[in-house]
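Number of protein chains: 2
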Amino acid sequence: MSLACATCPVRDRAACAVLSEEERSTLAAAGRSVQLSKGETLFRAGDSDAACATLLSGAMKVTSTDHDGTERILALIHPAGFIGELFRPFADYDVVALSDCDLCVFARSAMERALDRHPALTQALFRRAQEDLHASRALLALTGKNSASEKVTALILSLAQAASDSPCHPATVFDLPLSRGEIANLLGLTIETVSRQLTKLERGGLIAKRGTRGIELVDPARLQLASDLLP
Amino acid sequence: MSLACATCPVRDRAACAVLSEEERSTLAAAGRSVQLSKGETLFRAGDSDAACATLLSGAMKVTSTDHDGTERILALIHPAGFIGELFRPFADYDVVALSDCDLCVFARSAMERALDRHPALTQALFRRAQEDLHASRALLALTGKNSASEKVTALILSLAQAASDSPCHPATVFDLPLSRGEIANLLGLTIETVSRQLTKLERGGLIAKRGTRGIELVDPARLQLASDLLP
DNA sequence: CGTGTAATTGATGTTAGTCAAGAGCAGTGG
DNA sequence: CCACTGCTCTTGACTAACATCAATTACACG
Numbered sequence: 068m069s070l071a072c073a074t075c076p077v078r079d080r081a082a083c084a085v086l087s088e089e090e091r092s093t094l095a096a097a098g099r100s101v102q103l104s105k106g107e108t109l110f111r112a113g114d115s116d117a118a119c120a121t122l123l124s125g126a127m128k129v130t131s132t133d134h135d136g137t138e139r140i141l142a143l144i145h146p147a148g149f150i151g152e153l154f155r156p157f158a159d160y161d162v163v164a165l166s167d168c169d170l171c172v173f174a175r176s177a178m179e180r181a182l183d184r185h186p187a188l189t190q191a192l193f194r195r196a197q198e199d200l201h202a203s204r205a206l207l208a209l210t211g212k213n214s215a216s217e218k219v220t221a222l223i224l225s226l227a228q229a230a231s232d233s234p235c236h237p238a239t240v241f242d243l244p245l246s247r248g249e250i251a252n253l254l255g256l257t258i259e260t261v262s263r264q265l266t267k268l269e270r271g272g273l274i275a276k277r278g279t280r281g282i283e284l285v286d287p288a289r290l291q292l293a294s295d296l297l298p
Numbered sequence: 068m069s070l071a072c073a074t075c076p077v078r079d080r081a082a083c084a085v086l087s088e089e090e091r092s093t094l095a096a097a098g099r100s101v102q103l104s105k106g107e108t109l110f111r112a113g114d115s116d117a118a119c120a121t122l123l124s125g126a127m128k129v130t131s132t133d134h135d136g137t138e139r140i141l142a143l144i145h146p147a148g149f150i151g152e153l154f155r156p157f158a159d160y161d162v163v164a165l166s167d168c169d170l171c172v173f174a175r176s177a178m179e180r181a182l183d184r185h186p187a188l189t190q191a192l193f194r195r196a197q198e199d200l201h202a203s204r205a206l207l208a209l210t211g212k213n214s215a216s217e218k219v220t221a222l223i224l225s226l227a228q229a230a231s232d233s234p235c236h237p238a239t240v241f242d243l244p245l246s247r248g249e250i251a252n253l254l255g256l257t258i259e260t261v262s263r264q265l266t267k268l269e270r271g272g273l274i275a276k277r278g279t280r281g282i283e284l285v286d287p288a289r290l291q292l293a294s295d296l297l298p
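Read top to bottom, the protein sequences are chains X and G.
Under the numbering used here, the first residue of the first sequence carries the number 68, and numbering increases by one thereafter.
Under the numbering used here, the first residue of the second sequence carries the number 68, and numbering increases by one thereafter.
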């Protein structure tokens, strides 16, 4: 399926937004639109010539699988995010859809050519890599030190932010893109601990659960302070 | 002090290695050589127009300071590493020398001009950013799941690797660039736990301590397997 | 050779993990 | 419509690993 940049939901925010209309349509000719259902894998650690892609809608996870087979979620990808390790012969991570996703996929070779041809695109991707680095370090800071409550609270706020269309206000009612197990995995906790923290937050009147995946921020301000200071 | 690329210890590995002699000397004219003593700060979170730099020798740490004033080490920088967040108006992190360091420092504006002028340099920095991202995710995977022994073991191996001049073999005797407190901080542990793990590794015959900071890898192969499986 | 900081070691406490059981829910088929 | 199956999530009781508190010892540096 060919690409329709004109109707692209992230046309203003994705890396390719730096290109002119004409440049973009040339690049688009090399790419293709891909749909993934929840649970499907875009590529797997060890794949050679793994493709790269821009996420248009949905959410994905980046995971590494340990020598003993346990999975660890290292990052989430939100719309307009770029996926792909252009400089490594083999992919290091698995990239899996957390929900149904639309992607704009390019062969590695096509993207390398585009980088050589469009320095502005390279800069845009460089910038995005620095943002990813920043996000990774933020997660590192979060998981490294804080208590379970703080981890869960911070993740909820961050997901509320990502679920919102406005860049400054979090959504007040939204669905978690992650199962309890995935949240636990991402935060370095267990399912049980996550579940306990969520009910603690609910009892404290900070959030309300809307079914299994839904969350309502009842008191976002207090949520932002600390969840450990509660009774 | 002006730059002497001809004698630069990382001339083949740093990002600027992709430039021609001539291009490089033009860039060098905009930069300056800087020496930092152990403990000195290159720049601080919140600094505007923070400079950027290539590390020539020594080791540095990237830290964030929490709202409550506690520091968290997010990354280490080794020679040939690039420092600087080109796309953010303010620095997010502190960057501090762990040992005496030599750096090659550029004003942000000069580096931005160089990026526009030299697409190959942008690609090189993009590549380096992806490597940093990879390192950050590796650290995330390490700190997230594993036991204290595994964390300490993995860090020792990684530092032995960085201390070696060969890219494939770790150094067998080297000095830790970090204090116990810094190791603990980096791994999300406490000083005491790190200390206990080190003595456990020494008692198990896997390493030997050479003074306070020195480490000898007595049995690197066994070290690589698991330190939890010991008596 | 002192003095202060960093590291080690031991005793005790707390948090989150583990084990285990039950509740809520969606999809299936009688 | 209701029971059945297979999930995920929740909740409780117990445990283990690491943190915390408290000395003591080893180093580095003046």
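Even for Gly, the Cβ is constructed at its ideal location relative to N, Cα and C.
As assigned by DSSP and simplified to three states, the class of residue i
i	result
residue 163/X	strand
residue 276/X	strand
residue 211/G	helix
residue 240/G	strand
residue 218/G	helix
residue 298/X	Here the model assigns residue 298/X a pLDDT of 36, short of 50, so the residue's position is not dependable, and the following value carries that caveat. Of the three classes helix, strand and coil, the one that applies to residue 298/X here is coil, per DSSP.
residue 78/X	coil
residue 72/X	helix
residue 125/X	coil
residue 139/X	strand
residue 157/X	strand
residue 233/G	coil
residue 100/G	strand
residue 199/G	helix
residue 117/G	coil
Unbroken alpha helix (DSSP H) run spanning residue i, endpoints
i	result
residue 260/X	258-270
residue 183/G	175-184
residue 248/X	247-254
residue 84/X	Counting along the chain, residue 84/X falls outside any alpha helix (DSSP H), and DSSP gives it neither H nor E.
residue 302/X	Nothing about residue 302/X can be read from this structure; chain X reaches only from 68 to 298.
Own chain, CB closer than 7 angstroms to residue i, minus 5 neighbours either side, in chain order
i	result
residue 283/G	239, 240, 274, 275, 277
residue 297/X	With a pLDDT of only 39 at residue 297/X, under 50, the local geometry of the prediction cannot be trusted, and no value is derived from it.
residue 224/X	237, 290, 291
residue 231/G	237, 238
residue 113/G	157, 158
residue 179/X	153
Delimiting residues of the beta strand (DSSP E) encompassing residue i
i	result
residue 92/G	Premise fails: residue 92/G lies in the alpha helix (DSSP H), 88-97, not in any beta strand (DSSP E).
residue 147/G	It is not in any beta strand (DSSP E) - residue 147/G carries neither H nor E in the DSSP assignment.
residue 284/G	281-284
residue 109/G	108-110
Inter-residue Cα distance where the pair is residue i and residue j
i	j	result
residue 107/G	residue 144/G	14 angstroms
residue 176/X	residue 87/G	25 angstroms
residue 134/G	residue 250/G	21 angstroms
residue 123/G	residue 104/G	14 angstroms
residue 140/X	residue 242/X	19 angstroms
residue 260/X	residue 233/X	31 angstroms
residue 245/X	residue 280/X	8 angstroms
residue 256/G	residue 207/G	14 angstroms
residue 162/G	residue 248/G	17 angstroms
residue 150/G	residue 160/G	11 angstroms
residue 287/X	residue 131/X	32 angstroms
residue 191/X	residue 185/X	10 angstroms
residue 170/X	residue 136/G	41 angstroms
residue 195/X	residue 147/X	10 angstroms
residue 82/G	residue 116/G	21 angstroms
residue 211/G	residue 254/X	7 angstroms
residue 138/X	residue 128/X	11 angstroms
Sequence-distant residues of its chain with Cβ nearer than 6 angstroms to residue i (five each side left out)
i	result
residue 187/G	85
residue 189/G	182
residue 371/G	For residue 371/G there is no data in the structure shown, the boundaries of chain G being 68 and 298.
residue 109/X	162
residue 264/G	215, 216, 219
residue 228/G	237
residue 258/G	247, 248, 251
Own chain, CB closer than 8 angstroms to residue i, minus 5 neighbours either side, in chain order
i	result
residue 166/X	105, 125, 126, 244
residue 221/G	209, 213
residue 300/X	Missing from the structure shown is residue 300/X; chain X here goes from 68 to 298 and no further.
Query raised in the report: Looking at chain X, which residues of the region 211-232 of chain G have a Cβ within less than 8 angstroms of any of its Cβ atoms?
Result: 211, 212
Query raised in the report: Using Cβ-Cβ distances below 9 angstroms, what residues of the region 151-165 of chain X are close to chain G?
Result: 152, 153, 154, 155, 159, 160
**Report entry** Positions along the region 131-143 of chain X whose CB lies within less than 8 angstroms of some CB in chain G
**Finding:** 131, 133, 137, 139, 141, 142
Query - Near-chain X residues of the region 247-265 of chain G (beta-carbon distance less than 9 angstroms), N- to C-terminal order - result: 252, 253, 254, 255
Report task. Check distances from the C-beta atoms of the region 196-212 of chain X to those of chain G and list, in chain order, the residues that come in under 7 angstroms. Result -> 196, 197, 199, 200, 201, 203, 204, 206, 207, 208, 210, 211, 212
Report task. Using a Cβ-Cβ cut-off of less than 9 angstroms, list which residues of the region 91-116 of chain G approach chain X; keep chain order. Result -> none
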